[in-house]
Amino acid sequence: MLGRIFLLVFWLSIGAALGFLISPNSQHYFEFMYVGMLVSLSCAHLISSWQAENFLKWLQKPVLDSNKEHSAFWESAADRIIRLVKNKESQRLVSEESLRQFLAAIQASPHGVIILDSETRIQWSNQTASEHLGLDPKLDLQQLIGNMLRNPIFSNYVNSKSFDHEVIIEGRDHRIDSPHKVGVQLFPYGDGRMLLLSRDVTLIEQSETMRRDFVANVSHEIRTPLTVLAGFIETLQTLPLSKEEQEKYLTLMANQAFRLKSLVDDLLVLSRIEGRHLPGQHAWVSIKKILEQIEEEAVGLSVKLHPLMNDRQRIDFQLTDHDAGMEISGSASELMSAFSNLISNAIRYTPAGGTITVHWKTTDLGGVFSVTDSGPGIAPEHFARLSERFYRIDRSRSRDTGGTGLGLAIVKHVIQRHEGVMEIESKINVGSKFSLLFPMHRLRAVNKQAHVESVNGI
Ligand code: ADP
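Structure below.
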């Protein structure tokens with residue numbers, strides 16, 4: 328302010344001095360000085376207006392040029408404005424960066440996120456929401472969510488205005504043969520806006536369905552022998568039976584009890600396998616020892632099912648000297664269980680007089696354990712489902728021979744846990760071949776003196 332007063336006084340003095348100098352005589356000094364001051368004030372005003380005009384033009388430019396020179400007064404105003412603009416700009420950059428980080432975090436979320444305005448129009452959505460619900464994050468902006476998700480369950484949910492729970496709807500990739508289920512829930516906030524969160528629940532739904540089916544299957548498997556047992560007990564209690572009849576009933580009851588025990592045993596094996604850590608690579612099991620032990624059991628089962636000499640099956644275990652020295656790393660009990668399930672199936676499904684060949688072969692790619700039979704064979708359409716729990720092609724043959732419907736499920740689990748695969752080849756009325764392929768890194772050849780670590784557990 329003081330500067331402005333000095334400037335004013337300066338211009339007035341210049342005007343007065345010029346008026347004084349150009350006045351013709353002393354009588355007109357004051358008039359000329361007065362006019363001089365008026366003229367100089369007008370000049371000062373014109374110069375100020377011109378400077379202000381320039382300053383305004385500078386201010387209207389989209390980008391402020393900080394090198395441009397202004398008069399002293401406007402210079403300080405320009406400095407201040409430039410400082411303010413720079414401040415705002417850096418604040419804007421910080422906010423933009425925070426928003427970018429925030430949106431990146433929401434994009435990275437495994438949940439789908441959609442922001443809806445008070446009319447349920449889409450304001451923003453992340454990539455996961457598009458994958459879940461088939462929305463286009465750009466093209467579908469401003470669309471009503473009800474128009475985008477035409478699903479009666481979702482429409483009823485939106486109309487109900489009760490959002491304290493999630494609803495399950497079909498996702499973008501849903502097909503009858505390959506379900507895709509998505510859970511969606513709305514969360515109201517602010518002035519009528521809503522956040523829609525979605526999550527992929529396909530696996531959860533599948534495992535829930537599997538759990539329900541499993542419980543239903545187990546109950547069914549247990550109820551049948553129990554009903555038969557209860558019936559026999561009632562018969563024994565109420566009817567006067569001869570000694571032979573009693574014997575006959577007790578044998579039938581023992582069969583049912585054995586069936587129940589086999590089922591519970593297989594269920595326990597399955598649950599033990601599922602709950603355990605993967606078998607490590609440091610416990611080595613001798614192939615020869617496993618096969619020797621299984622051979623005894625196989626012959627026993629075959630004789631039990633075909634007691635007559637003429638009905639006997641031919642069971643052939645093939646193991647070369649080289650392969651007899653092989654060891655496999657993994658769980659001895661699990662491998663025993665898988666191998667004996669395949670052999671027991673071959674014996675149970677192959678009719679009297681048939682042949683069963685059990686073979687181990689070590690190749691450059693790994694080890695192959697195979698069981699070939701001359702049984703009824705399996706149509707290819709069953710292959711994919713054979714290892715499902717309780718899946719049976721011939722239900723009565725399975726039950727009559729003591730099958731639980733869990734054998735191949737156990738085999739599949741065991742081979743997967745040992746990083747291998749199961750292969751099935753079969754021809755109706757010719758026979759079947761089940762092979763378990765083990766990777767090379769789980770095999771080793773040992774010399775005769777080598778210490779076999781884990782066979783003690785067999
Ligand atoms: P199960 O206890 O009924 O034998 P598995 O899981 O071991 O159950 O086998 C599933 C089904 O696969 C069996 O019920 C049977 O129909 C079929 N199956 C398995 N192995 C053979 C085989 N070697 N020959 C013919 N059918 C077989």
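Take 328 as the starting number for the sequence shown in the working numbering and just add one per residue.
Ideal placement from N, C-alpha and C gives every residue a C-beta, glycine not left out.
inquiry  = Excluding the 5 residues flanking ALA777 on each side, which residues of the same chain have their C-beta closer than 6 Å to its C-beta?
reply    = The predicted model places ALA777 with a pLDDT of 44, which falls under 50 and marks its position as unreliable; any figure quoted below should be read in that light. Excluding its 5 nearest sequence neighbours in each direction, ALA777 has no C-beta neighbour in its own chain below 6 Å.
ask   = In three-state terms, what does DSSP make of HIS686?
value = Per DSSP, reduced to three states, the secondary structure at HIS686 is strand.
query = Opposite ASP527 in the DSSP bridges: which residues?
reply = DSSP output for ASP527 lists VAL509 as bridge partner(s).
query = Around the C-beta of GLU548, are 16 or more other C-beta atoms found within 10 angstroms, so that it is buried, or is it exposed?
reply = Counting every other CB atom within 10 Å of its CB across the protein chains shown gives GLU548 a total of 16 or more, marking it as buried.
inquiry  = Please report the distance separating the alpha-carbon of TRP377 from that of LEU383.
reply    = A straight-line Cα-Cα distance of about 10 Å links TRP377 and LEU383.
message = Tell me the DSSP secondary structure of GLY693 in three-state form.
response = GLY693: strand per DSSP, three-state reduction.
inquiry  = Can you look up GLN583 in the DSSP assignment and give me helix, strand or coil?
reply    = In the three-state scheme derived from DSSP, where H, G and I count as helix and E and B as strand, GLN583 is classed as helix.
ask   = Shortest alpha-carbon distance to PHE710 belongs to which of SER667, ILE755 and ILE617?
value = Residue nearest to PHE710 within the set SER667, ILE755 and ILE617 is ILE755 (criterion: CA-CA distance).
inquiry  = Given 7 Å as the limit, tell me if LEU594 has its C-beta closer than that to any heavy atom belonging to the ligand ADP.
reply    = When distances are taken from the beta-carbon of LEU594 to the heavy atoms of the ligand ADP, even the shortest one reaches 7 Å or more.
Alpha carbon of GLU572 to alpha carbon of HIS686, nearest angstrom = Taking the straight line joining both Cα atoms gives about 45 Å.
request  = Report whether the distance from the Cβ of ASP721 to the nearest heavy atom of the ligand ADP is below 7 Å.
outcome  = In terms of side-chain proximity, the C-beta atom of ASP721 is found nearer than 7 Å to a non-hydrogen atom of the ligand ADP.
ask   = Cα-Cα, which of ILE332, LEU365 and ARG331 is closest to ALA344?
value = With distances taken between Cα atoms, ALA344 lies closest to LEU365.
request  = Could you tell me the distance, in whole angstroms, from the CA atom of GLU358 to the CA atom of GLU380?
outcome  = Going by the C-alpha atoms only, they are around 33 Å apart.
inquiry  = Quick check on the DSSP output: the beta strand (DSSP E) that includes GLU654 runs from which residue to which?
reply    = Looking at the DSSP string, the run of the beta strand (DSSP E) that includes GLU654 is 653-656.
query = In terms of residues, what are the limits of the beta strand (DSSP E) holding GLY461?
reply = Counted as a single uninterrupted DSSP element, the stretch harbouring GLY461 is not any beta strand (DSSP E), since DSSP gives it neither H nor E.
For VAL366, the first and last residue of its enclosing alpha helix (DSSP H) = In this chain, the alpha helix (DSSP H) harbouring VAL366 covers 356-387.
Same chain only: Cβ atoms within 6 Å of LEU692, ignoring 5 sequence neighbours per side = Once the five neighbours on either side are set aside, LEU692 has no close Cβ partner at all.
key: Three-state secondary structure (DSSP) of PHE717   = In the structure shown, PHE717 sits in coil (DSSP, three-state: anything other than H, G, I, E or B).
ask   = Do PRO678 and the ligand ADP come close, with the Cβ less than 7 Å from some heavy atom?
value = Checking the Cβ of PRO678 against the ligand ADP gives no.
ask   = According to DSSP, which residues form a beta bridge with ILE496?
value = The partner list for ILE496 (beta bridge, DSSP) reads VAL509.
ask   = Leaving out five residues before and five after ALA736 in sequence, what residues of the same chain have Cβ atoms less than 7 Å from its Cβ?
value = The answer, listed in chain order, is LEU597, SER714, GLU715 and ARG716.
query = Hey, VAL509 and LEU471 are a contact pair by Cβ (cut 8 Å); roughly how many whole angstroms apart?
reply = At roughly 19 Å, the Cβ-Cβ gap does not stay under 8 Å, so VAL509 and LEU471 are not in contact.
inquiry  = Quick check: the segment 673-689 against the segment 635-647, are at least 3 beta-carbon pairs closer than 8 Å?
reply    = Output reads yes: the segment 673-689 touches the segment 635-647.
query = Using a threshold of 7 Å, is the CB atom of SER725 nearer than that to any non-hydrogen atom of the ligand ADP?
reply = True, at least one ligand heavy atom lies under 7 Å from that Cβ.
message = Quick check on the DSSP output: what are the complete alpha helix (DSSP H) runs of length 4 or more inside the segment 590-637, in order along the chain?
response = List check, alpha helix (DSSP H) in window: 614-632.
query = What do you reckon, are the CB atoms on THR699 and THR684 nearer than 8 Å?
reply = Cβ atoms of THR699 and THR684: closer than 8 Å.
message = Is GLY732 near the ligand ADP - that is, is its Cβ less than 7 Å away from at least one heavy atom of it?
response = Yes - the ligand ADP has a heavy atom lying nearer than 7 Å to the Cβ of GLY732.
Inter-residue spacing [alpha-carbon to alpha-carbon] between LYS775 and PHE696 = Note on LYS775: pLDDT 49, under 50, position unreliable in the model; no value is reported.
query = Helix or strand or just coil, what does DSSP make of VAL440?
reply = Correct three-state label for VAL440: strand.
request  = Please find out if some non-hydrogen atom of the ligand ADP comes closer than 7 Å to the beta-carbon of TRP735.
outcome  = Here the sequence assigns Leu to residue 735, which means Trp is not the residue at that position. Result yes, Cβ under 7 Å from the ligand ADP.
key: VAL485, buried or exposed, once every other Cβ within 10 Å from all chains shown has been counted against 16   = It is buried - the Cβ of VAL485 has at least 16 other Cβ atoms within 10 Å.
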